Amino acid sequence: MAGFPKAGDQYGGRYRIVAEIGHGGMGVVYEALDTVLNRSVALKIVLPSLADRDEYHQRFAQEAAALAKIHSRHIVGIYDYGEHEDTVYFATQFFPDGDLQSWIAEHGPLDRRAALSLVAQVSEALADAHAAGVVHRDVKPGNVLLWSRPEGLVPYLADFGIAVEGAPEKRSGLTRTGTLIGSPAYMAPERHFGHPADERGDVYSAGCLLWAVLTGDAPYAGTDFQMMNSHINAPVVTLGTDHPVDLRIDDVLALALEKDPARRIQSAAEMRAQLLDIVREIDSAALPVPLPPTALPPTGGAPDPNVDSGRTAVRPALVPTPPAPPAEPAAGGSSSGPPPVPVAARERQQRRWLLPVLLSAALVLVVAIVTAVLINRNGDEVDPVADPTTSTSTSESATPPATPKAPRVTAQSAYRAVAFTVTPPPGDDVKLQVFRDGAWAPLKRESFRVTTTQGGDRACLRARAVRSSGGQTASSPGEKQCGKAEARTIALTANKALPCSYSSGGYTYPCWWYELELAGFAPNSSQDVVLQQQGQPACQTDSACQTVPVSKTGRVTRSRFFAVAATSGPWTVTVDGQKLTLETLAGPYSP
Numbered sequence: 001m002a003g004f005p006k007a008g009d010q011y012g013g014r015y016r017i018v019a020e021i022g023h024g025g026m027g028v029v030y031e032a033l034d035t036v037l038n039r040s041v042a043l044k045i046v047l048p049s050l051a052d053r054d055e056y057h058q059r060f061a062q063e064a065a066a067l068a069k070i071h072s073r074h075i076v077g078i079y080d081y082g083e084h085e086d087t088v089y090f091a092t093q094f095f096p097d098g099d100l101q102s103w104i105a106e107h108g109p110l111d112r113r114a115a116l117s118l119v120a121q122v123s124e125a126l127a128d129a130h131a132a133g134v135v136h137r138d139v140k141p142g143n144v145l146l147w148s149r150p151e152g153l154v155p156y157l158a159d160f161g162i163a164v165e166g167a168p169e170k171r172s173g174l175t176r177t178g179t180l181i182g183s184p185a186y187m188a189p190e191r192h193f194g195h196p197a198d199e200r201g202d203v204y205s206a207g208c209l210l211w212a213v214l215t216g217d218a219p220y221a222g223t224d225f226q227m228m229n230s231h232i233n234a235p236v237v238t239l240g241t242d243h244p245v246d247l248r249i250d251d252v253l254a255l256a257l258e259k260d261p262a263r264r265i266q267s268a269a270e271m272r273a274q275l276l277d278i279v280r281e282i283d284s285a286a287l288p289v290p291l292p293p294t295a296l297p298p299t300g301g302a303p304d305p306n307v308d309s310g311r312t313a314v315r316p317a318l319v320p321t322p323p324a325p326p327a328e329p330a331a332g333g334s335s336s337g338p339p340p341v342p343v344a345a346r347e348r349q350q351r352r353w354l355l356p357v358l359l360s361a362a363l364v365l366v367v368a369i370v371t372a373v374l375i376n377r378n379g380d381e382v383d384p385v386a387d388p389t390t391s392t393s394t395s396e397s398a399t400p401p402a403t404p405k406a407p408r409v410t411a412q413s414a415y416r417a418v419a420f421t422v423t424p425p426p427g428d429d430v431k432l433q434v435f436r437d438g439a440w441a442p443l444k445r446e447s448f449r450v451t452t453t454q455g456g457d458r459a460c461l462r463a464r465a466v467r468s469s470g471g472q473t474a475s476s477p478g479e480k481q482c483g484k485a486e487a488r489t490i491a492l493t494a495n496k497a498l499p500c501s502y503s504s505g506g507y508t509y510p511c512w513w514y515e516l517e518l519a520g521f522a523p524n525s526s527q528d529v530v531l532q533q534q535g536q537p538a539c540q541t542d543s544a545c546q547t548v549p550v551s552k553t554g555r556v557t558r559s560r561f562f563a564v565a566a567t568s569g570p571w572t573v574t575v576d577g578q579k580l581t582l583e584t585l586a587g588p589y590s591p
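1 is the number of the first residue of the sequence shown in the UniProt record's numbering; add one for each residue after it.
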């Protein structure tokens with residue numbers, strides 16, 4: 001055909017071109033009207049002038065076949081595939097609300113619940129693709145199309161142009177002259193070495209996608225090499241707010257973005273289940289109201305002091321049971337580079353991987369210089385200029401002042417709080433800052449308390465030192481310290497000053513009043529207190545099982561809580577899952 005179609009042209013006998021909506025190294029995408037069925041479609045056409053036309057036609061046909069093979073309510077549906085003159089095309093569902101990358105650029109990050117729900121739906125799409133034997137290999141916001149509904153955004157996974165099918169050993173990450181296929185900002189560490197792609201690589205990319213919809217950007221920024229290095233060596237990103245919802249999200253991120261695929265969440269279905277668990281807890285009020293979206297700066301090749309990445313603990317309930325680990329990659333030497341993630345097994349693995357990654361990085365840079373094919377929105381080739389996920393920025397400014405040493409942060413347990421002390425580095429004319437609500441803020445005093453919901457809860461603080469000179473600033477790495485509030489306490493004490501007695505069967509029995517004291521519980525909550533005599537059923541009387549309101553200070557004191565006969569033997573007392581044994585006081589009885 002002579003030239004490309006333009007608005008108003010008829011194409012393929014049934015499609016009228018409305019507008020071009022995207023193009024790149026592999027093809028052009030149009031909004032078109034299917035005149036036979038009178039519906040809007042997305043029409044993707046392979047460029048007729050490609051140097052490797054046969055290969056691109058083959059990949060195009062594979063994408064169409066993959067879409068036709070997968071049945072999923074969150075994957076773009078294909079309507080038609082064919083050839084017209086010297087081009088190949090296929091038609092799919094059309095989504096006028098655009099893609100997720102454009103949505104985030106215009107509207108900003110999603111709120112916590114919306115982000116969790118959206119990525120859970122994308123995970124469902126990946127699970128459906130994996131069940132059909134297809135690995136996507138390029139999960140990123142630009143490849144997630146949206147349908148805006150009254151109940152929220154409905155995502156549809158698209159662009160299977162570099163997807164692979166078949167056994168894992170056939171899923172190579174390299175094509176043609178060694179060019180690495182995919183988008184570096186969202187690519188799993190093992191993919192950067194050219195290892196075969198599998199489902200766990202898509203899970204990693206879905207974890208990056210979760211971070212992007214929560215914060216507005218990919219987990220790591222910089223050049224291709226910097227992002228590659230960060231995915232392999234930098235700590236896993238965390239929201240770091242210590243809000244209950246964000247703590248749960250951080251747990252999922254820690255597992256989805258695990259560097260070692262054998263320790264990662266093992267399937268997209270499992271990731272979906274973990275995300276939906278958090279959504280259900282939010283909806284049932286088991287978790288507090290989610291935080292509003294927070295735009296955090298992406299980390300570069302080394303940990304960014306402006307991002308709280310210190311929380312790495314993962315609750316056992318979220319840890320998957322991984323299969324036996326795959327064969328180790330080829331060994332290589334390492335004695336320098338960014339600090340490794342603080343996990344012993346990962347340190348050994350990264351030392352083996354450092355030499356291959358340097359070689360791979362050199363190869364990527366050479367290919368980036370000599371290749372003439374630029375990345376398109378479908379992620380067909382890596383191009384740091386065309387792909388917004390690989391954009392970089394530099395500045396030419398005056399040399400900032402010398403970087404100060406980090407302050408010293410100490411933590412001490414207190415009642416429903418952790419007491420922190422931040423000591424500035426000795427001899428430095430610096431100001432102290434702490435990380436709060438997603439940003440650094442001045443520290444007004446060196447000692448203060450961080451209140452927790454209840455005793456035994458964990459609180460963390462990050463602080464840094466900042467030096468300013470000539471309009472320039474330099475800051476130390478963030479120093480983080482965590483501590484636990486004093487544990488909750490439960491006490492039932494016999495009050496000898498308050499004896500009592502009761503009559504039964506003509507006898508009078510002595511008894512003692514017991515005083516109940518609770519401390520460190522959540523303010524204005526209520527606690528069930530259950531007393532049970534050894535060998536007997538619980539709650540034999542109303543007074544043996546009571547719901548006790550907790551004051552706004554987290555304390556309860558009841559002087560006449562429960563009367564126990566002196567001869568009745570030991571009792572157990574259970575409060576909030578904690579069980580104590582109450583030994584009764586022996587005493588005489590009289591007829």
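Backbone N, C-alpha and C define an ideal beta-carbon position, used for all residues, glycine too.
Note that this is a predicted model, so its numbers are computed, not measured.
For N524, the secondary structure class from DSSP, reduced to helix, strand or coil, is coil.
When the Cα atoms are used, V18 and Y156 turn out to be separated by approximately 22 Å.
The beta carbon of Q536 sits closer than 7 Å to none of the beta carbons in its chain outside the five residues before and after it.
Sorting I232, S501 and G506 by C-alpha distance to the C-alpha of W512 places S501 at the top. Approximately 4 Å separates the beta-carbon atoms of A459 and V418; this is inside 8 Å, confirming the contact.
Buried is the label assigned to E479, since at least 16 other Cβ atoms lie within 10 Å of its Cβ. DSSP links L461 through a beta bridge to Q481. Contact between W147 and D97 holds, since their C-beta atoms are separated by about 6 Å, short of 8 Å.
With a cutoff of 8 Å on beta-carbon distance, A127 and A269 are scored as near each other. The beta carbon of S413 lies closer than 7 Å to those of G483, K484, A485 and E486 in the same chain, with the five residues before and after it left out.
Looking at the DSSP output, L33 shares a beta bridge with R16 and S40.
Between S117 and V279, the C-beta spacing is below 8 Å. Fully enclosed beta strand (DSSP E) runs of no fewer than 3 residues occupy 78-84 of the region 59-87, in order along the chain. Note on geometry: alpha-carbon atoms of R462 and T453 lie some 19 Å from one another.
DSSP places D437 in the coil class of the three-state scheme, outside both helix and strand. Collapsing the DSSP output to three states places G470 in coil. Taking the Cα positions, A42 is about 40 Å away from G240. If you look at Y204, you'll find it isn't in any beta strand (DSSP E); it sits in the alpha helix (DSSP H) that goes E199 to T215.
Where P537 is concerned, there is no enclosing beta strand (DSSP E), because DSSP gives it neither an H nor an E. Between P425 and Q472, the beta carbon gap of about 19 Å keeps them out of contact (Cβ cut-off 8 Å). Annotation for E199: H130, V135, S267 and A268 place their beta carbon closer than 7 Å to its own, counting only its chain and skipping 5 residues before and after. For L239, no beta strand (DSSP E) encloses it, and the DSSP letter there is neither H nor E. When the beta-carbon positions are compared, Y186 and A256 stay at least 8 Å from each other. Beyond the five residues adjoining it in sequence on each side, K579 comes within less than 6 Å, by CB distance, of T572 in the same chain, given in chain order.
Using a Cβ distance threshold of 8 Å, F562 and Y514 count as a contacting pair. Counting along the chain, the unbroken alpha helix (DSSP H) around S123 starts and ends at R112 to A131. CA-to-CA, the gap between M228 and P196 works out to about 17 Å. A straight-line Cα-Cα distance of about 42 Å links R14 and A273. For E486, no beta strand (DSSP E) encloses it, and the DSSP letter there is neither H nor E. In the structure shown, H23 falls within a strand segment according to DSSP collapsed to helix, strand and coil.
Closest in C-alpha terms to V164, from the list L210, R113, V29 and F60, comes F60. With distances taken between CA atoms, R112 lies nearest to P292 out of G427, P292 and T553. F420 is positioned such that its CB atom lies closer than 8 Å to that of Q481.
Apart from sequence neighbours up to five positions away, the residues of its chain that approach A206 with a beta-carbon distance below 8 Å are V119, V122, S123, L126, V139, A256, A268 and M271, ordered along the chain.
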